[in-house]
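So for the sequence shown, this note's numbering puts the first residue at 291; every next one is plus one.
All residues carry an ideal CB built from backbone N, CA and C; glycine is no exception.
Quick notes on the structure that follows.
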Amino acid sequence: MSMTEAISLDGQIALVTGASSGIGAATAQALAEAGADVLVNYHSDEEGAKATLAAIQAAGRRGIVARGDVSREDDVRRLFDLCEGELGEVDIVVSNAGIQIDRAFTDMELADWQKVIDINLTGAFLVAREAVRRFEEKGMRPELSRALGKIVFNSSVHERIPWAGRANYAASKGGVSLLMRSLAQEVGRRKIRVNSVAPGAIATAINEEEREEGAEEIRSLIPYGRIGEPEDIARVIAWLVSDAADYVHGHSLFADGGMALYPGFIDNG
Ligand code: NAD
């Protein structure tokens, strides 16, 4: 194979959580375009999930949609069972589902804290734990990939950048950062590759209000000067799970137009 040949995921099976919209939907499509069959997990937006499935099929791949809450252990197990039953044993898992509930710190109810931690952090744990268990049951498929399995967490620049008014979200993503690195350390010897993508501001439903109120303000935080699109992140994830990135392990890849570069210092601070 040429070192710069296009990314190929031919014949691999992928599971993407929260794939009815935004980055998850674009990722499911990108993985299918690279040759994978994809389970599209959704929480409540069945129509969105079906649109993602249509994009997978348009790329000539198989897919299924599956309802499930990533913060529920039984739901997560069922997603993997469905994937195995309908598509085959899973090679690639993208833990993407996530939410924001923004509150000033003293107004933050325990429920606002707990829900974000449950979905963003505990959900990532449950999905990754099930992924590792299933990878180990399936065994290597060297004709498809050099790794036994690949996991990518969708983290955020806020795994590093503090975020006032969103302590629950930033804490959840900071947690994902150490979850990812600890897991990478633990399972690397077993040929399971684990990484994160850390997006900056990407135009999706999660930040629609913020963009309506102050797109210019957001842009001022991005040295590269544009708000990202879901496809910007989907391409990165497709590369991370491919053998082109086989030596990338335990890494959080910031795809943020430079948002993590202390943009306040652009004009001498
Ligand atoms: P989005 O709202 O379009 O997508 C979030 C997805 O998660 C939705 O499909 C939603 O249905 C799903 N989801 C929510 N709760 C769930 C649950 N309990 N079980 C299963 N699925 C559930 O927004 P997005 O921007 O595409 O968000 C995807 C991920 O990207 C999130 O983890 C988010 O934190 C992360 N992220 C987004 C940005 C951004 O600027 N958009 C930046 C950094 C990180």
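Nearest candidate by alpha-carbon position, reference residue i, set the options
i, options, result
"isoleucine 346", "Ala316, Arg357, Glu336 and Asp335", "Ala316"
"arginine 419", "Val383, Ala493 and Thr396", "Val383"
"glycine 515", "Ala495, Val306, Val531 and Gly490", "Gly490"
"isoleucine 517", "Val526, Ile527 and Glu506", "Glu506"
"alanine 474", "Glu376, Phe415, Ala318 and Gly338", "Phe415"
"leucine 372", "Arg362, Gly358 and Ile391", "Gly358"
"glutamate 379", "Ala534, Lys481 and Gly301", "Gly301"
Buried versus exposed call for residue i [16 or more other C-beta atoms within 10 Å across all chains shown]
i, result
"alanine 524", "buried"
"aspartate 397", "exposed"
"alanine 461", "buried"
"alanine 296", "exposed"
"isoleucine 556", "exposed"
"serine 311", "buried"
"arginine 436", "exposed"
"alanine 400", "Looking at the sequence provided, one finds leucine at residue 400 rather than alanine. Per the 10 Å Cβ criterion, exposed."
"tyrosine 552", "exposed"
"threonine 294", "exposed"
"phenylalanine 425", "buried"
Residue i - DSSP class collapsed to helix/strand/coil
i, result
"proline 452", "coil"
"valine 366", "helix"
"aspartate 327", "strand"
"alanine 304", "strand"
"isoleucine 313", "helix"
"alanine 318", "helix"
"alanine 550", "coil"
"alanine 296", "coil"
"alanine 495", "helix"
Boundaries (first-last residue) of the alpha helix (DSSP H) holding residue i
i, result
"isoleucine 346", "336 to 348"
"valine 477", "457 to 477"
"alanine 245", "In the structure displayed, the chain extends from 291 to 559; residue 245 sits before or after that span and is not available."
Where the beta strand (DSSP E) containing residue i begins and where it ends
i, result
"arginine 357", "353 to 357"
"arginine 483", "482 to 489"
- Message: Restricting to runs no shorter than 4 residues, where is the alpha helix (DSSP H) found entirely within the region 518 to 542?
- Response: Listed in chain order, the complete alpha helix (DSSP H) runs (minimum 4 residues) inside the region 518 to 542 are 520 to 530.
- Where are the alpha helix (DSSP H) runs, 4 residues long or more, that stay fully inside the region 378 to 450, in chain order? Considered as a whole, the region 378 to 450 harbours 400 to 406 and 413 to 428 as its complete alpha helix (DSSP H) runs of no fewer than 4 residues, in chain order.
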